[in-house]
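K.L.:
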Amino acid sequence: MALDLSMPVLVVDDYKTMIRIIRNLLKQLGFSDIDDAADGTEALEKMKQRKYGLVISDWNMEPMTGYELLKQVRSDSGLCKTPFIMVTAESKTENVIAAKKAGVNNYIVKPFNAQTLKGKIDAVFND
Amino acid sequence: MIPMTKNDVSGVIKFLEDNKARGDHVSLNDVMRLAEVMAGDFKGFLHSYAPSMRQEFEDIANEIARMKQEVVQLRASDMKHNRIPEAGRELDAIVDATEEATQTIMAAAEEIMAADTSDATAYQTMVGDKMIEIFEACAFQDITGQRISKVVKTLSYIDERVTHFVERLRIMENDEGDVEETADERRQRELILHGPQHAGEGVSQDEIDAMLGGSDQADIDKLFD
Chain Y
1 MALDLSMPVL VVDDYKTMIR IIRNLLKQLG FSDIDDAADG TEALEKMKQR KYGLVISDWN
61 MEPMTGYELL KQVRSDSGLC KTPFIMVTAE SKTENVIAAK KAGVNNYIVK PFNAQTLKGK
121 IDAVFND
Chain E
1 MIPMTKNDVS GVIKFLEDNK ARGDHVSLND VMRLAEVMAG DFKGFLHSYA PSMRQEFEDI
61 ANEIARMKQE VVQLRASDMK HNRIPEAGRE LDAIVDATEE ATQTIMAAAE EIMAADTSDA
121 TAYQTMVGDK MIEIFEACAF QDITGQRISK VVKTLSYIDE RVTHFVERLR IMENDEGDVE
181 ETADERRQRE LILHGPQHAG EGVSQDEIDA MLGGSDQADI DKLFD
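Chains as they are written, first to last, in full-length UniProt numbering: chain Y, 1 to 127; chain E, 1 to 225.
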């Protein structure tokens with residue numbers, strides 16, 4: 001799967017500041033079509049209305065967490081192929097294992113830098 | 001043995017009659033008061049045929065008085081109405097201050113990134129001004145540090161009093177009953193919500209990369225060896 005910088009990216013986080021940070025980092029990486037959602041429920045609604053090329057999601061949100069969003073996305077035949085990167089402060093081994101089992105494409109632990117974000121996006125699309 | 005009469009337990013009867021409409025609204029203080037009344041009534045009755053038990057009842061009465069003093073020393077009302085709400089206000093102020101500073105710093109950075117660089121002098125002046133704004137915004141760290149110190153003092157105050165209370169009442173760990181899991185705790189457990197880990201805890205980005213790079217269950221199982 002080739003990396004297309006014009007593809008729409010959905011950033012899911014309940015902290016506007018974090019959305020702003022990721023949005024700016026993505027712009028620096030060359031992405032121009034960036035959308036956002038405040039939790040899994042809003043993200044899922046947006047994903048059903050528009051086809052995103054990449055989802056970058058936090059884990060700990062209410063009412064629907066990023067983990068639940070990931071499982072919903074993977075169980076939906078129309079969305080299951082969407083690349084999904086988890087960006088979270090949840091750094092326990094069981095979180096990483098659960099995300100991997102649920103089908104996450106990559107996992108970034110907060111705090112992170114632009115280089116890490118770029119590296120993980122490249123890894124997802126070079127797989 | 002001399003039969004116990006209504007007069008011997010008149011204090012207990014009066015206490016129960018006075019409080020029979022209380023239903024489930026019984027406090028620790030009520031229980032201690034009842035124990036105090038019972039000890040007083042029984043002391044008089046038992047002393048009449050077993051004088052040696054007088055000291056036992058005096059000890060019980062003294063223990064109850066000591067427990068009441070410990071409850072007073074706990075200053076639960078002060079904690080509930082003053083110290084905990086004040087600590088909450090401090091934490092809210094910290095969140096607000098960090099949010100405001102973050103927005104200021106990010107806005108300055110965004111303006112620098114989006115600035116027109118064709119006029120080098122104007123660009124340099126603008127960058128200098130924005131840098132000053134960033135330095136000024138970083139002053140939040142001093143204020144939030146002071147607020148955090150106040151919250152830590154409150155937590156220490158509560159910890160000190162509760163620990164002292166538990167020790168003085170000789171409440172042992174074995175005495176702690178099972179506590180029913182709350183809906184919030186269940187959500188945290190089921191959705192694996194631990195929150196941020198401290199430095200050195202949790203797994204690093206390199207370890208996560210290694211875990212995700214593994215190809216099968218055996219790689220995951222190795223983590224638990």
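Every residue gets a Cβ at the ideal spot worked out from N, C-alpha and C, and that includes glycine.
Can you give the Cα-Cα distance for residue 65(Y) and residue 194(E), rounded to whole angstroms?
P.N.:
Between residue 65(Y) and residue 194(E), the C-alpha separation is close to 13 angstroms.
K.L.:
So, under 8 angstroms CB-CB, residue 116(Y) and residue 205(E) are touching, yes? Tell me the CB distance rounded to an integer number of Å.
P.N.:
Rounded, the Cβ-Cβ distance is 6 angstroms, consistent with contact.
K.L.:
Tell me whether residue 22(Y) is buried or exposed, calling it buried when 16 or more other Cβ atoms sit within 10 Å of its Cβ.
P.N.:
Label assigned to residue 22(Y): buried.
K.L.:
Does DSSP put residue 71(E) in a helix, a strand or coil?
P.N.:
If DSSP states are grouped into helix, strand and coil, residue 71(E) belongs with the helices.
K.L.:
Check the Cβ of residue 116(Y) against every Cβ in chain E and list those closer than 8 angstroms, keeping chain order.
P.N.:
The answer, in chain order, is 205.
K.L.:
Of all Cβ atoms in chain Y, is any one closer than 7 angstroms to the Cβ of residue 192(E)?
P.N.:
With 7 angstroms as the cut-off, residue 192(E) counts as an interface residue toward chain Y.
K.L.:
Here's the rule: buried if 16 or more other CB atoms are within 10 angstroms of the residue's CB, otherwise exposed. What is residue 225(E)?
P.N.:
At residue 225(E), the pLDDT of 43 sits below 50, so the modelled position is not reliable and the matter cannot be decided from this model.
K.L.:
Along chain E, in chain order, which residues have C-beta atoms closer than 9 angstroms to that of residue 107(Y)?
P.N.:
Simply 205, 208, 209, 211, 212.
K.L.:
Beta strand (DSSP E) containing residue 35(Y): first to last residue?
P.N.:
Counting along the chain, the beta strand (DSSP E) containing residue 35(Y) begins and ends at 34-37.
K.L.:
So which residues of chain Y does residue 202(E) contact, with C-beta pairs closer than 7 angstroms?
P.N.:
Those within 7 angstroms of residue 202(E) in chain Y are 91, 92.
K.L.:
For residue 107(Y), count the other beta carbons within 10 Å of its own beta carbon; 16 or more makes it buried, fewer makes it exposed. Which is it?
P.N.:
By the 10 Å Cβ count, residue 107(Y) comes out buried.
K.L.:
Report the rounded CA-to-CA distance for residue 91(Y) versus residue 73(Y), giving the unit in angstroms.
P.N.:
Spanning the two alpha carbons is a distance of roughly 22 angstroms.
K.L.:
Go through its chain and collect everything with a Cβ distance to residue 67(E)'s Cβ below 7 angstroms, but skip five positions before and after it.
P.N.:
Only 32, 169 meet the Cβ criterion.
K.L.:
Report yes or no: is there a C-beta of chain E within less than 7 angstroms of the C-beta of residue 20(Y)?
P.N.:
So, interface residue.
K.L.:
Below 6 angstroms CB to CB, which residues in the same chain sit around residue 13(Y) once its five sequence neighbours on both sides are set aside?
P.N.:
Contacts found: 19, 58.
K.L.:
Distance cutoff 7 angstroms, beta carbons only. Does residue 102(E) sit that close to anything in chain Y?
P.N.:
Yes - at least one Cβ of chain Y is within 7 angstroms of the one on residue 102(E).
K.L.:
Let me see if you follow: with CB-CB separation under 7 angstroms, is residue 52(Y) close to chain E or not?
P.N.:
Closer than 7 angstroms: no.
K.L.:
Does chain Y have any CB closer than 7 angstroms to the CB of residue 197(E)?
P.N.:
Chain Y contact via Cβ: present.
K.L.:
For the beta strand (DSSP E) that residue 52(Y) lies in, which residues bound it at each end?
P.N.:
Per DSSP, residue 52(Y) belongs to no beta strand (DSSP E) and is neither H nor E.
K.L.:
Which residues in chain Y sit within 8 angstroms of residue 110(E), going by Cβ to Cβ distance?
P.N.:
Chain Y residues near residue 110(E): 24.
K.L.:
Anyone know if the C-beta pair for residue 84(Y) and residue 104(Y) falls short of 7 angstroms?
P.N.:
Yes.
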